[in-house]
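S.K.: Here it is: the structure, laid out below.
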Amino acid sequence: MRLSSSLALGLFLSATLSEAAKISFTQRKRPNHSPQKRSGKTSFRRPVLAAASSTSSGNGDDADLSSFHDLLYIANVTVGGTEYPLQLDTGSSDLWVKGASSPLPNANQTALTLNVTYGIGSTYGHISYTAVEFAGINVPKQAFIDASEASNPILSYGVDGIVGLGFSKLSSVDNALTNAGQSDGKALLSNLFADNPKEPNFIAFALQRTTESGGDVEGSFTIGEYDDDYKDVANSPKISTFPASDPTRWTVLLDAIVLANNNTVIPLNTSVAGAPSGKAVVMLDSGTSYTYATKEVCDAIYGNVQGASYNSALGQWVVPCDAEVDIALQFGSSVYPIHPLDVTPKSLSDSTLCVGSFIPQAVSVGAGQFDWLIGDNVMRSLYTVYDFGDYDSSGNMGNPYMQLLSLVDPNTASKEFHADRGGSASTNISYRAQSVSATGAAAAGGSTTVDVSDKLADTLNKLQAYLPALLAIMALNALVVLVLVAAGVVYLLRRRSSRAARARRTPGRATPMPLHRASSYIEDTPGPGPGGLGAYQPVSMALTEDTFVPPSPAFSKPGFGDSTIRAGDRPKSVA
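Sequence positions in the sequence shown follow mature numbering (1 follows the signal peptide of the UniProt record, and there is no 0) and run -20 to -1, 1 to 555.
Right under this line is the structure:
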């Protein structure tokens, strides 16, 4: 059923199913607004980066809107029994409502107040509790900001606040309550999934476009189920968040950007600590209309388009409206073409002026936790599933991940582009998935195949993370082995030396041994003895067991022919 409303933005809601929930929403463009340069840098305590455009009326909120763009996705959320139109935002985690008065009906205010300052605008109010119903699923006690003061562009369009669809880790409300010693400040989806542990813990978006000025744009948002038209997303690869466990935001690794002309690959780099080289860490944010990337990437996308130029006043590239720019993003081994109508959207105030939706502006949000902010200009080409991770048998929630389903056929998209912009459609547009190394760098020359599967790449990434520890353990083991070997060698050498010493030891002596010291009877003999006289001591001539005794020489007695030795014979000296 479509709800009638005086809102500047149309709204369409449907009844929910028994357990899962599906919401269809409609979005309306605001005409006659020129794109403006985004003022200042952003700080990521704001939940919205882009919303609907409007004709400026001179007040502060409308002035801020000049730095926003043309689309805003909203749905009804029942807070304390009252229904409020709120923006759906995957880039934030807090629920805040600016009602007609504060406190809101049926809300229990606490003494805690929270002042959340955004890049554009701010919100202030008491942290309160009340029952919240979202997509037909009820949370009996939900913490939120009951805003007594708020300055935000979305309020100019009948939107009463924001429902953040991110992780509790990003929630300012949860952080404030935790610091106060309370544990009941979890984000809305965290509570919703905890109250329904048997149901799938995911949400899914289909964001559509229109080429008619001021026309309605219908899309769908589901909780715990897929849209019937996009059920094939269940078979899509699971894209792990980065980091894989306990992430702060919906950030994933982008592997490559491919241009259709000759499948040119735009080099990627990252400034995020721990991210693999050759990739970019990107956040997919439904609260952002355009995509904010590095200057090098934006220059590579639009720099070779004939007639395109960078407009420093706008902070964007200005592109001829009939110039078709065909690009695709690669996550893992899958390539997702982006509709060319979303790469160079028309200015709402000048139909002859088209601008680049990839904006070369540094992202100062998130304290270096991601490189790019990917918005609705990309998400309209995808059916996007944000899965918080399913509960296991022990009640523990698994790691989160995303799944994407391409909604764009490049050749059909070219026909749609030229039907709106004029000129002839391109044919045979195709993209080749780039080879992805273990570090995630895309091969410069391109390839028709991907030589590392998602599971293998994930395994290699984990191996890379643990490799230093493994090498350290291996080095320690090698050192221990070397020490043991050295000790064994030393032991053997000492043992051999001991044996050799024992083998050289003699059992006796062949030299005279002195008996004792005695005075010499030879007088006046120089020597070291007392009185300067030499000391003579007799020596033992006793034979030891190892003394060699030569035999006496043979002799004969003259006159005896037989030369026989008889008793009493003595040898005659031969001297």
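Glycine residues also receive a C-beta, built at the ideal position from the N, C-alpha and C atoms.
Since the model is a prediction, treat every value here as computed from it, not as a measurement.
Check Ile142 in the structure and name its three-state DSSP category.
M.R.: The answer is strand: DSSP assigns Ile142 an E or B state.
S.K.: Since Ala123 sits in a beta bridge, which residues does DSSP pair it with?
M.R.: In the DSSP output, where bridge partners are listed per residue, Ala123 has Tyr109.
S.K.: Using alpha carbons as the reference points, say which of Asp367, Leu333, Val238 lies closest to Val315.
M.R.: The shortest C-alpha separation from Val315 is found at Val238.
S.K.: Sort out for me which residues DSSP pairs Phe182 with in a bridge.
M.R.: Asp367, per the DSSP bridge assignment.
S.K.: In angstroms, rounded to a whole number, what distance separates the CA positions of Pro83 and Lys149?
M.R.: If you take the alpha carbons of Pro83 and Lys149, they lie about 26 Å apart.
S.K.: With respect to the alpha helix (DSSP H) encompassing Met359, which residues constitute its N-terminal and C-terminal limits?
M.R.: Element bounds for Met359: 356 to 359.
S.K.: Taking just the CA atoms, how far does Gly403 sit from Leu75?
M.R.: Their Cα atoms are separated by approximately 46 Å.
S.K.: What separation, rounded to the nearest whole angstrom, lies between the Cα atoms of Leu187 and Asn118?
M.R.: Looking at the two C-alpha atoms, the distance is approximately 25 Å.
S.K.: Contact check, Ala127 vs Lys78 under 8 Å by CB: the rounded distance?
M.R.: Between Lys78 and Ala127 the Cβ distance is about 4 Å, and since that is below 8 Å, they are a contact.
S.K.: Per the contact definition of three or more C-beta pairs closer than 8 Å, is the region 131 to 144 in contact with the region 60 to 72?
M.R.: Touching, yes, given that three or more Cβ pairs across the two stretches are closer than 8 Å.
S.K.: Among residues of its own chain, excluding the 5 on either side of Ala280, which ones have a beta-carbon nearer than 6 Å to its beta-carbon?
M.R.: Here the set comprises Ile246.
S.K.: Kindly indicate the opening and closing residues of the beta strand (DSSP E) around Asp69.
M.R.: That run of the beta strand (DSSP E) goes 62 to 69.
S.K.: CB-CB under 8 Å to Asn95, same chain, minus the five flanking residues each way: which ones, in chain order?
M.R.: Here the set comprises Ser102, Thr103, Tyr104.
S.K.: Can you give the Cα-Cα distance for Ala455 and Ala467, rounded to whole angstroms?
M.R.: Ala455 and Ala467: Cα-Cα distance of roughly 18 Å.
S.K.: Can you check DSSP and say which residues form a bridge with Asn88?
M.R.: Tyr109.
S.K.: Suppose the cutoff is 6 Å on Cβ atoms and the five residues either side in sequence are ignored; what does the same chain contact list for Ala255 look like?
M.R.: So the qualifying residues of the chain are Val261.
S.K.: If you draw a straight line from the alpha carbon of Met382 to that of Leu462, how long is it in whole angstroms?
M.R.: Their backbone Cα atoms lie some 49 Å apart in a straight line.
S.K.: Within 10 angstroms of the Cβ of Thr113, are there 16 or more other Cβ atoms? Answer buried if so, exposed if not.
M.R.: Checking the displayed sequence, the identity of residue 113 turns out to be Glu instead of Thr. Glu113 comes out buried.
S.K.: Could you give the distance in angstroms between the alpha-carbon of Gly312 and the alpha-carbon of Val416?
M.R.: Whole-angstrom Cα-Cα distance: 8 Å.
S.K.: Taking the alpha carbon of Ala214 as the reference point, which residue from Gly375, Val365, Asn391 has its own alpha carbon closest?
M.R.: When each option's Cα is compared against that of Ala214, the closest is Val365.
S.K.: Can you grab the Cα-Cα spacing for the pair Lys121 / Val298, in whole Å?
M.R.: Cα to Cα, Lys121 sits roughly 49 Å from Val298.
S.K.: Between which residues of its own chain and Ala342 is the CB-CB distance below 6 Å, once the five residues before and five after are set aside?
M.R.: Excluding positions up to five away in sequence, the list is empty.
S.K.: So is Pro177 buried or exposed if we call it buried at 16+ other beta carbons inside 10 Å?
M.R.: When all chains shown are included, Pro177 counts as exposed.
S.K.: Do you know offhand how far Glu304's Cα is from Leu135's?
M.R.: Approximately 35 Å, taken between the alpha carbons.
S.K.: Look at Gly116 and Pro85 and say whether their C-beta atoms are less than 7 Å apart.
M.R.: Taking 7 Å as the Cβ cut-off, Gly116 and Pro85 do not qualify as a contacting pair.
S.K.: Can the beta-carbon of Val388 be found closer than 7 Å to that of Pro320?
M.R.: No, Cβ-Cβ distance for Val388 and Pro320 is not below 7 Å.
S.K.: Output needed for Arg189: all residues of its chain with C-beta closer than 8 Å, excluding positions within five of it in sequence on either side, in chain order.
M.R.: Counting only Cβ-Cβ distances below 8 Å, and skipping sequence neighbours, we find Val197, His319, Leu321, Asp322, Arg360.
S.K.: Can you give me the start and stop residues for the beta strand (DSSP E) that Leu168 sits inside?
M.R.: Premise fails: Leu168 lies in the alpha helix (DSSP H), 168 to 175, not in any beta strand (DSSP E).
S.K.: Leaving aside the five residues before and after Asp370 along the sequence, list all residues of the same chain whose C-beta is less than 8 Å from its C-beta, in chain order.
M.R.: Around Asp370: Pro180, Asn181, Met377, Gly378.
S.K.: Does the beta-carbon of Gln286 have 16 or more other beta-carbons within 10 angstroms, so that it is buried, or is it exposed?
M.R.: Classification for Gln286: exposed.
S.K.: If you draw a straight line from the C-alpha of Asp235 to the C-alpha of Phe222, how long is it?
M.R.: If I take the Cα positions, the gap works out to 13 Å.
S.K.: In angstroms with no decimal places, state the Cα-to-Cα distance between Thr407 and Asn391.
M.R.: Going from the Cα of Thr407 to the Cα of Asn391 covers about 6 Å.
S.K.: Would you list the one or two residues that DSSP bridges to Glu129?
M.R.: The partner list for Glu129 (beta bridge, DSSP) reads Tyr104.
S.K.: Hey, is Trp352 close to the ligand ZN, as in C-beta under 6 Å from one of its heavy atoms?
M.R.: The ligand ZN is not part of the structure shown, which contains no ligands of any sort.
S.K.: Go ahead and pull the three-state DSSP assignment for Lys326.
M.R.: Correct three-state label for Lys326: strand.
S.K.: Please check the pair Asp154 and Gly165, which I expect to be a contact at CB under 8 Å, by giving their CB distance rounded to whole angstroms.
M.R.: Yes, they are in contact, since the Cβ atoms of Asp154 and Gly165 sit about 4 Å apart, within 8 Å.
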